[in-house]
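Working notes, beginning with the structure itself.
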Amino acid sequence: MTSSGRSTPTPSNRYSPLPPIKSKIDREFIDDLNMFIKAELCKIKTDDEEQKYLVWKAAFNKVIEHVVAYRPILTAIKKEYEDTIEIIKTGQKNADFLHLKLKSMASEPSTLRNYKKRADELEERIVLIKKENEKLEQEIKDMQALKEEREKRPKTAETPRRQLKTDNRFIPGLTLEEMTDMKVLQKKFEALDRQLKELNISLKTRFLPKTHKVQLKETLDTKVTTRDQLLHQSLVYKAKSQRLKIALEAAQAYNQMKPPHQTVGDAVTLAFHQANGTFQEEKDKLDKEYGDVLAQSNSTEDDDPNKEKEAELMLEYIEKFNELFEDGLFEEAAVHAANSPKGILRTQATLAKFRDVPAKGKGRSPLLAFCDALMSSVKAAGKKPNEALSLDCVEAGLNESRVDMVHHWLAQDRLTLSHKMGIIICDHCTCRLPCVCECQSMGQSIFVRLKEHYDAVLAMLRQGKVQNALQYARHWHCITSDKVNDVLKINDCPQLIIGLLAADVLKRKLLLNITVGSILQGLMNLNKPELIATLIEAISGQKTDHEEATALPLSRAVLLDRSTKPEQWSAIVHFLETAGHHDAALQLFATTYITNIVQQSSIILQNEQGRKGVSFAHTVQTRSDSEEDLSDSTHGTTSRDTSSREISPDPLIPQKSQRESILKKKGYSVNDVQWRKLSPSGKRVSLASTVQSPSPSFARTAEDKHDEILRPASKISGSVRLIDSDPYTSNPESAGESEAE
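Residue 276 in this note's numbering sits at position 276 of the sequence shown, and the numbers go up by one each step.
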């Protein structure tokens with residue numbers, strides 16, 4: 001750049017000379033732009049045309065921003081250039097794509113030809129493989145046929161042939177001259193022949209084969225077992241004879257003396273107690289003598305040389321196991337330990353040794369390998385592992401999620417069962433109801449074998465087998481009132497709840513030793529008001545097709561419940577009303593209230609009859625009879641019979657169709673949501689307050705709701721009369737009216 005303002009070309013400047021620039025701002029802009037272009041071009045590679053294009057594009061943008069007057073036309077020029085460049089790029093991409101497509105289409109016939117050739121080769125191989133398989137199958141069939149023919153042939157035991165041994169040694173006891181003398185050799189031969197005959201005679205007369213020893217041992221074991229059984233039977237008969245003798249002597253002594261405050265049974269029992277003390281002293285004495293004899297026999301066995309050889313063999317066996325274990329051959333060590341003689345390595349100490357070894361890789365651990373080998377050798381060993389060892393094996397299998405292996409052990413009966421084992425297997429189950437992992441079924445099998453009936457029922461419930469659990473519980477009577485809460489926590493389906501209250505219609509009592517109060521309290525603890533309401537409605541309606549075992553009616557179920565207190569009944573009623581089940585709450589309250597009145601009336605009548613000295617058996621039924629009649633008289637009508645003088649308060653469960661009309665008569669309003677009582681002032685009073693502290697009006701309402709359960713007592717001609725109705729009689733008018741003076 002000269003002083004006159006003209007730019008002169010330099011050797012390093014390869015661009016054409018610019019026209020003269022007069023403005024200082026334009027000159028500075030041109031200098032900055034040249035510096036920017038040089039700096040950016042130095043940063044990129046010389047053969048990177050894309051980056052060069054971006055540099056010149058940025059420079060052109062700066063020129064457009066600087067020149068205000070020419071900005072529109074420069075912008076239009078830039079746009080045209082960019083569109084042209086974009087079209088060129090797009091055409092280049094399309095050309096590349098079309099070139100690749102053309103190339104692939106050109107190679108398509110050769111590719112198809114290669115695929116067809118490969119398919120033909122594979123078909124030929126398939127044909128060859130099929131022919132080879134047919135050939136092998138034919139060979140297998142021929143071999144099996146030969147094997148069957150060989151097995152069908154009678155087996156003949158061939159006697160082993162004696163092979164003559166050639167001995168080149170000198171004859172002991174003879175010199176070289178004597179060995180060449182025929183006379184000496186003849187004498188020696190005769191002596192050896194005589195000795196051989198003696199040995200053959202001894203073999204036939206003094207020795208027998210080993211099989212004979214085994215037979216003798218089996219015979220001895222059989223006779224020893226028979227002797228032990230006869231000894232045990234003899235002891236039983238002796239003890240029985242001794243007891244009969246003692247009882248006979250005690251009875252004879254009682255008949256001679258006849259003490260005033262003692263029976264024959266007391267005398268015999270006292271004689272048995274005295275005799276037991278004498279027998280215990282004699283038993284202790286015999287045990288002491290037997291212990292001395294056993295100690296002497298043990299001392300003689302210690303001197304047996306066979307014991308020493310056996311100990312040496314066991315020691316070698318243990319050393320072999322330690323070598324395998326130290327070399328890391330845990331599978332071989334496990335099999336070696338499981339098949340140890342006399343079970344010297346089938347112990348918990350060996351199992352603990354395998355437990356300390358960490359598992360490597362994805363295979364099974366050394367502990368599980370030992371447990372599997374231990375179970376596989378149960379039949380060979382002749383006895384199962386003890387309870388603790390079986391429990392450890394089961395825990396090892398469950399910890400490694402091998403439920404199938406534990407199931408196999410149980411199916412093959414190779415474990416010593418225990419209650420703890422069943423609990424561990426059941427606790428391993430993480431399934432939701434019902435169980436699908438078979439842990440509960442295995443636990444059920446264990447509990448059934450051990451006769452742990454309650455735990456077996458719980459396992460059935462966890463599997464969803466409600467009917468099976470109920471039948472099993474009814475057979476063994478293993479569910480009681482104190483166990484109902486645990487049962488309901490596991491399974492609270494309506495089928496189970498109603499089944500717990502099943503009763504035999506003929507016997508008119510529960511099949512299980514439980515109470516309805518315990519069931520309702522358990523459901524209340526579980527916060528299940530809907531189930532309580534469903535249960536009350538089900539046993540109140542008593543609609544079932546089963547005749548052998550039907551749900552007990554609510555009135556009789558409450559009457560048979562002697563353990564539930566009135567405060568507990570009130571709490572259940574309050575819980576139902578709070579939850580919005582007012583019909584069920586009112587039904588339960590009425591039943592419990594009337595039941596209490598009937599029980600108190602029965603007690604009062606019994607006391608009055610007792611004071612007057614009248615035979616209560618002929619004038620009034622017992623409390624148990626009235627309780628049975630109270631629950632059984634659920635449907636029917638009431639009538640009076642002046643000829644009957646028995647008191648039989650038989651309450652009747654009202655039908656649902658009568659409930660609304662009965663309550664309206666007593667000042668109750670019917671609402672779909674709840675039952676409320678209208679007070680004299682016109683306000684509504686909640687049923688909950690009535691349940692907690694029942695007022696006389698609410699009691700009267702309950703009595704009117706059960707007007708067929710118990711009629712109010714009335715004095716007629718100086719007597720108290722109660723309605724007696726029997727729903728099982730064909731003629732309702734034959735129901736008697738009892739009277740007590």
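We put the CB at the ideal spot given by N, CA and C, even for glycine.
Counting along the chain, where does the beta strand (DSSP E) carrying residue i start and finish?
i	result
Ala503	502-504
To the nearest angstrom, how far is the alpha carbon of residue i from that of residue j?
i	j	result
Leu552	Leu586	19 Å
Ile126	Ser107	29 Å
Thr84	Leu122	55 Å
Ser669	Gln521	Low confidence applies to Ser669: its pLDDT is 37, below 50, so where it sits in the model is not reliable, and the reading given next is rough at best. If you take the alpha carbons of Ser669 and Gln521, they lie about 29 Å apart.
Phe189	Met182	10 Å
Pro694	Met524	At Pro694, the pLDDT of 41 sits below 50, so the modelled position is not reliable and the matter cannot be decided from this model.
Cys478	Cys393	30 Å
Ile140	Asn339	35 Å
Glu331	Cys371	11 Å
Thr350	Glu387	15 Å
Ser202	Tyr317	38 Å
Glu49	Pro72	27 Å
Glu148	Glu218	34 Å
Pro566	Thr591	12 Å
Gln274	Arg243	12 Å
His428	Cys439	7 Å
Ala469	Leu458	8 Å
Ile246	Pro259	18 Å
Ile87	Lys93	10 Å
Leu136	Ala119	25 Å
Met143	Ile129	21 Å
Ile44	Asp96	26 Å
Asp113	Met105	A small fix is needed here, since residue 113 is Arg in this sequence, not Asp. Spanning the two alpha carbons is a distance of roughly 14 Å.
Met375	Cys431	28 Å
Leu216	Asn276	42 Å
Leu185	Thr175	11 Å
So residue i packs on residue j, CB below 8 Å; how close in whole Å?
i	j	result
Val466	Gln444	Not confirmed; about 14 Å, so no contact.
Ala336	Phe321	Inspection of the sequence shows that residue 336 is occupied by His rather than by Ala. Correct: roughly 5 Å between the Cβ atoms.
Asp482	Thr515	Incorrect: roughly 10 Å between the Cβ atoms, too far for contact.
Ala498	Ala538	Going by the sequence as given, residue 498 is Ile instead of Ala. Confirmed, Cβ separation roughly 5 Å.
Glu40	Val55	4 Å
Pro434	Gln463	5 Å
Glu400	Ser365	6 Å
Leu519	Val484	The question names Leu, but residue 519 is Ile in the sequence shown. Contact holds; Cβ gap of about 6 Å.
Ile334	Ala373	For the record, residue 334 in the displayed sequence is Ala; it is not Ile. With a Cβ gap of about 4 Å, Ala334 and Ala373 count as contacting.
Leu450	His419	6 Å
Asp492	Leu531	6 Å
Taking 8 Å as the threshold (C-beta atoms), are residue j and residue i in contact?
i	j	result
Leu461	Val487	yes
Ile77	Ala59	no
Leu501	Ala533	no
Leu745	Gly397	Since the displayed the chain opens at 1 and closes at 741, residue 745 lies outside it and no answer follows.
Ala748	Ala267	Residue 748 falls outside the range modelled here, since the chain spans only 1 to 741, and no answer is possible.
Val573	Leu588	yes
Arg416	Ser441	In the sequence as presented, Arg is not what sits at residue 416; that position holds Thr. Their beta carbons are not under 8 Å apart, which means Thr416 does not touch Ser441 by this criterion.
Ser563	Gly517	yes
Val378	Arg414	yes
Glu395	Ile423	no
Pro358	Met314	no
Output the boundary residues of the alpha helix (DSSP H) element that contains residue i.
i	result
Pro566	566-579
Ile246	210-257
Val436	Looking at the DSSP string, Val436 is not in any alpha helix (DSSP H), and its letter there is neither H nor E.
Asp181	It is not in any alpha helix (DSSP H) - Asp181 carries neither H nor E in the DSSP assignment.
Cys426	419-428
Ser555	554-560
Ile514	Segment: none, Ile514 is in no alpha helix (DSSP H) and carries neither H nor E.
Please tell me whether residue i has its Cβ less than 8 Å away from any Cβ of chain B.
i	result
Leu230	This model lacks chain B altogether, as it is built from one protein chain only.
Alpha helix (DSSP H) segments (min. 4 residues) lying fully within the stretch 444-509: 453-462, 466-476, 484-490, 494-500
Runs of alpha helix (DSSP H) wholly within the stretch 42-125 (minimum 4 residues, chain order): 49-66
4-residue-minimum alpha helix (DSSP H) runs that sit fully inside the stretch 373-403, ordered along the chain: 378-381, 387-399
Within the stretch 307-374, ranges of the alpha helix (DSSP H) (whole runs, at least 4 residues): 330-338, 348-355
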